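*Asks:* Sharing a structure here in structure tokens format.
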Amino acid sequence: MIYKDIKMKDVLFNNHILLSVIERFGINLGLHEKTVEEICKENNINLEVFLTILNLHINNKYKPLQIYNCDYIIAIIQYLQKSHQYYINEIYPNINYNIQLMHEANNSSEILMVENFFKEYTTEVDQHFNYENDIVFPYITNLFDRIKHKQNVDKSNNYSVNIYKEHHDDIEGKLDDLIKLLIQHIPQKNDRKIRRKILFDLFDLEQDLNIHAKIENEILIPIVERMEIKFKNR
Amino acid sequence: MKIIYNILIIEPSIIIQEGLSNIIKSVNNNIVVTVTDSLSDCCKFNTIDFNIVLLNPILLNNCSITFNKFTTQFNKSHLLGIISTIYNRNFYCQFNDYIYINDNKELIKNTILKFLTIKNKKKNISENILSKRETDVLKLLAQGKSNKEIAEALFISIHTVVTHRKNIGRKLDVKSSAAMAIYAVANNIIDINDSLK
Numbered sequence: 001m002i003y004k005d006i007k008m009k010d011v012l013f014n015n016h017i018l019l020s021v022i023e024r025f026g027i028n029l030g031l032h033e034k035t036v037e038e039i040c041k042e043n044n045i046n047l048e049v050f051l052t053i054l055n056l057h058i059n060n061k062y063k064p065l066q067i068y069n070c071d072y073i074i075a076i077i078q079y080l081q082k083s084h085q086y087y088i089n090e091i092y093p094n095i096n097y098n099i100q101l102m103h104e105a106n107n108s109s110e111i112l113m114v115e116n117f118f119k120e121y122t123t124e125v126d127q128h129f130n131y132e133n134d135i136v137f138p139y140i141t142n143l144f145d146r147i148k149h150k151q152n153v154d155k156s157n158n159y160s161v162n163i164y165k166e167h168h169d170d171i172e173g174k175l176d177d178l179i180k181l182l183i184q185h186i187p188q189k190n191d192r193k194i195r196r197k198i199l200f201d202l203f204d205l206e207q208d209l210n211i212h213a214k215i216e217n218e219i220l221i222p223i224v225e226r227m228e229i230k231f232k233n234r
Numbered sequence: 235m236k237i238i239y240n241i242l243i244i245e246p247s248i249i250i251q252e253g254l255s256n257i258i259k260s261v262n263n264n265i266v267v268t269v270t271d272s273l274s275d276c277c278k279f280n281t282i283d284f285n286i287v288l289l290n291p292i293l294l295n296n297c298s299i300t301f302n303k304f305t306t307q308f309n310k311s312h313l314l315g316i317i318s319t320i321y322n323r324n325f326y327c328q329f330n331d332y333i334y335i336n337d338n339k340e341l342i343k344n345t346i347l348k349f350l351t352i353k354n355k356k357k358n359i360s361e362n363i364l365s366k367r368e369t370d371v372l373k374l375l376a377q378g379k380s381n382k383e384i385a386e387a388l389f390i391s392i393h394t395v396v397t398h399r400k401n402i403g404r405k406l407d408v409k410s411s412a413a414m415a416i417y418a419v420a421n422n423i424i425d426i427n428d429s430l431k
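Chains as they are written, first to last, in this note's numbering: chain A, 1 to 234; chain B, 235 to 431.
Below you can see the structure in the form of structure tokens.
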């Protein structure tokens with residue numbers, strides 16, 4: 001469990017996986033002896049949201065605090081958007097590149113198919129993220145602004161978080177298929193090192209996406225549902 | 235290769251635990267016995283495939299929900315009741331067999347031996363290999379054919395095609411048709427040129 005008084009460097013020594021998470025919060029390394037709280041203050045980060053997300057990443061049994069305060073919503077959305085950028089700009093291109101290298105090493109039909117499989121998967125993920133970036137997040141930000149400024153309901157917009165909830169399909173299924181293919185079903189030929197690299201990246205990504213979905217389903221959606229009720233009852 | 239049999243005893247009385255454990259170990263040398271005195275500890279053993287699990291129903295506190303949880307957790311093992319007193323009859327019918335605490339040594343050994351020789355309920359490897367019919371379905375599936383087209387080509391109903399697809403997915407442990415097609419090519423079930431048609 002990570003608390004606000006723990007030194008940030010110790011958090012990372014014990015959980016190196018969090019390196020990419022703190023990066024998404026805009027924290028630079030060279031942490032010296034600063035505590036989590038100090039780092040958050042320095043970088044203008046919401047401490048509660050930061051702690052919740054960090055703890056979710058290191059403990060899969062961690063139950064997010066009931067941070068049903070709509071003031072947190074913007075910080076959460078920012079993190080989710082940063083994560084989208086991280087996946088799209090860095091992780092997916094990197095895996096894609098490595099799959100190409102794997103194809104060079106093991107020039108078989110099945111690896112070519114894996115290459116296409118991953119491309120199709122990336123396109124699906126793109127659509128999924130775009131929907132959130134273009135429709136869901138602006139809707140929530142707008143709702144938040146209206147509540148904050150005590151404005152009235154925007155009658156032209158029939159959108160509600162329920163629609164999002166119903167559309168929110170998982171993007172981990174195909175990733176899992178890919179892992180199964182590479183471990184169970186496709187014989188190894190000349191591609192040991194690169195396949196291992198790809199698998200490490202896929203497992204990391206799968207874990208990260210699981211947490212990402214957890215933040216959306218267990219934190220974001222419940223807060224927005226409450227905001228909607230609050231807004232309607234005004 | 236030596237086959238190891240894993241047996242779990244869940245029994246609150248230390249005397250019964252130790253006695254039973256010793257008798258079971260004397261059946262043969264390949265038995266590993268794990269002992270616990272409470273049901274709540276069972277989750278620790280999730281990762282081990284036990285061939286036989288022995289449970290004293292006294293630990294269920296007459297609660298059928300607890301019992302259902304228990305049978306679900308160990309649905310791949312043979313379940314034997316350790317009978318030390320009188321219980322609700324509902325708890326009897328779900329065990330595969332019983333060991334009574336006044337059974338003699340030979341009887342206990344025979345009961346254990348009987349369940350060691352019966353194959354474990356868990357899936358064996360051959361079940362993971364596709365049947366002839368599933369392979370036929372997979373071939374067409376990998377060529378991008380729809381359920382309807384597959385049904386017509388193989389003279390079976392669409393419903394049967396769907397069932398075969400489900401079973402293929404379960405056996406290969408993948409969900410998407412695209413992944414199934416890659417499996418088919420990687421394992422020489424079809425040629426890549428067929429899959430691209």
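Where a beta carbon is used, it is the ideal one built from N, C-alpha and C, also for glycine. The model shown is predicted, which means the values in this text are computed figures rather than measured ones.
Should the stretch 302-310 of chain B be regarded as contacting the stretch 273-286 of chain B, the criterion being three or more beta carbon pairs within less than 8 Å?
*Replies:* Flag = yes, the stretch 302-310 of chain B and the stretch 273-286 of chain B touch.
*Asks:* Name the two residues that bound the continuous beta strand (DSSP E) containing V408 (chain B).
*Replies:* Looking at the DSSP string, V408 (chain B) is not in any beta strand (DSSP E), and its letter there is neither H nor E.
*Asks:* According to DSSP, is G30 (chain A) part of a helix, a strand, or is it coil?
*Replies:* Here G30 (chain A) sits in coil by DSSP.
*Asks:* Closest to R146 (chain A) by CA distance: which of A:M8, A:K82, A:F231, A:E48 is it?
*Replies:* Among A:M8, A:K82, A:F231, A:E48, the Cα nearest to that of R146 (chain A) is on A:F231.
*Asks:* S391 (chain B): buried (16+ other C-beta within 10 angstroms of its C-beta) or exposed?
*Replies:* Flag for S391 (chain B) reads exposed.
*Asks:* Going by DSSP, which residues form a beta bridge with K7 (chain A)?
*Replies:* A:T35, per the DSSP bridge assignment.
*Asks:* For the stretch 387-413 of chain B, which residues have a CB atom closer than 9 Å to at least one CB atom of chain A, in sequence order?
*Replies:* Those would be L406, D407, V408, K409, S410, A412, A413, in chain order.
*Asks:* Using a cut-off of 9 Å between C-beta atoms, extract the partners of H168 (chain A) located in chain B.
*Replies:* Residues of chain B passing the Cβ test: none, with the nearest at roughly 17 Å.
*Asks:* Our contact map puts I45 (chain A) next to F144 (chain A) with C-beta atoms below 8 Å; I'd like the distance itself, whole angstroms only.
*Replies:* Not confirmed; about 18 Å, so no contact.
*Asks:* For the candidate residues B:V287, B:L273, B:D283, B:I282, whose alpha-carbon lies nearest to that of L254 (chain B)?
*Replies:* Checked all of B:V287, B:L273, B:D283, B:I282; the closest Cα to L254 (chain B) is B:V287.
*Asks:* Does I363 (chain B) have its Cβ less than 8 Å from a Cβ in chain A?
*Replies:* Taking Cβ atoms only, chain A never reaches closer than 8 Å to I363 (chain B), which makes this a no.
*Asks:* Considering only the beta carbon of each residue, do Y62 (chain A) and S20 (chain A) sit closer than 8 Å?
*Replies:* No, the pair does not count as a contact, with Cβ atoms beyond the cut-off.
*Asks:* Starting from E120 (chain A), find everything on chain B with Cβ-Cβ shorter than 8 Å and list it in chain order.
*Replies:* Chain B residues near E120 (chain A): A412.
*Asks:* Considering only the beta carbon of each residue, do I53 (chain A) and Y79 (chain A) sit closer than 8 Å?
*Replies:* Yes, the pair counts as a contact, with Cβ atoms nearer than the cut-off.
*Asks:* Consider the Cβ of N338 (chain B): report whether some Cβ of chain A lies at a distance smaller than 8 Å.
*Replies:* No, N338 (chain B) lies away from the interface with chain A (no Cβ there is under 8 Å from its Cβ).
*Asks:* Using the C-alpha atoms, what's the distance from S272 (chain B) back to H128 (chain A)?
*Replies:* Roughly 46 Å between the two C-alpha positions.
*Asks:* Do L313 (chain B) and N295 (chain B) have their C-beta atoms closer together than 8 Å?
*Replies:* Not closer than 8 Å, so no.
*Asks:* Within the 8 Å Cβ cut-off, does Q184 (chain A) reach chain B?
*Replies:* At least one chain B Cβ lies under 8 Å of Q184 (chain A).
*Asks:* Quick one: any contact between the stretch 406-416 of chain B and the stretch 367-385 of chain B, if contact means 3 or more CB pairs under 8 Å?
*Replies:* Touching, yes.
*Asks:* By Cβ distance, which residues of its chain are closer than 7 Å to V395 (chain B), with the 5 residues on each side in sequence left out?
*Replies:* Counting only Cβ-Cβ distances below 7 Å, and skipping sequence neighbours, we find V371, N381, I384, A385.
*Asks:* Got a sec, what are the start and stop residues for the alpha helix (DSSP H) V371 (chain B) sits in?
*Replies:* Its alpha helix (DSSP H) spans residues 366-376.
*Asks:* Pick helix, strand or coil for T351 (chain B), following the three-state DSSP scheme.
*Replies:* The answer is helix: DSSP assigns T351 (chain B) an H, G or I state.
*Asks:* Taking all protein chains shown into account, decide if T319 (chain B) is buried (16 or more other Cβ within 10 angstroms of its Cβ) or exposed.
*Replies:* Looking at its Cβ environment, which holds fewer than 16 other Cβ atoms inside 10 Å, T319 (chain B) is exposed.
*Asks:* Closest by CA to I163 (chain A), which one among A:K41, A:Y131, A:V36?
*Replies:* Nearest C-alpha to I163 (chain A): A:Y131.
*Asks:* Where does the unbroken beta strand (DSSP E) through I286 (chain B) begin, and where does it stop?
*Replies:* 286-289 is the extent of the beta strand (DSSP E) around I286 (chain B).
*Asks:* If you run the structure through DSSP and keep just helix, strand and coil, what is H16 (chain A)?
*Replies:* Of the three classes helix, strand and coil, the one that applies to H16 (chain A) here is helix, per DSSP.
*Asks:* My parser needs the alpha helix (DSSP H) runs of 4 or more residues fully inside the stretch 91-171 of chain A; what are they?
*Replies:* DSSP runs (the alpha helix (DSSP H)) wholly in the stretch 91-171 of chain A: 92-105, 109-131, 137-148, 161-167.
*Asks:* Hey, does K7 (chain A) have any beta-carbon neighbour from chain D nearer than 8 Å?
*Replies:* Structure shown: chain D not included; protein chains present are A and B.
*Asks:* At the level of alpha carbons, what is the spacing between N217 (chain A) and H168 (chain A)?
*Replies:* Each residue's alpha carbon lies about 9 Å from the other.
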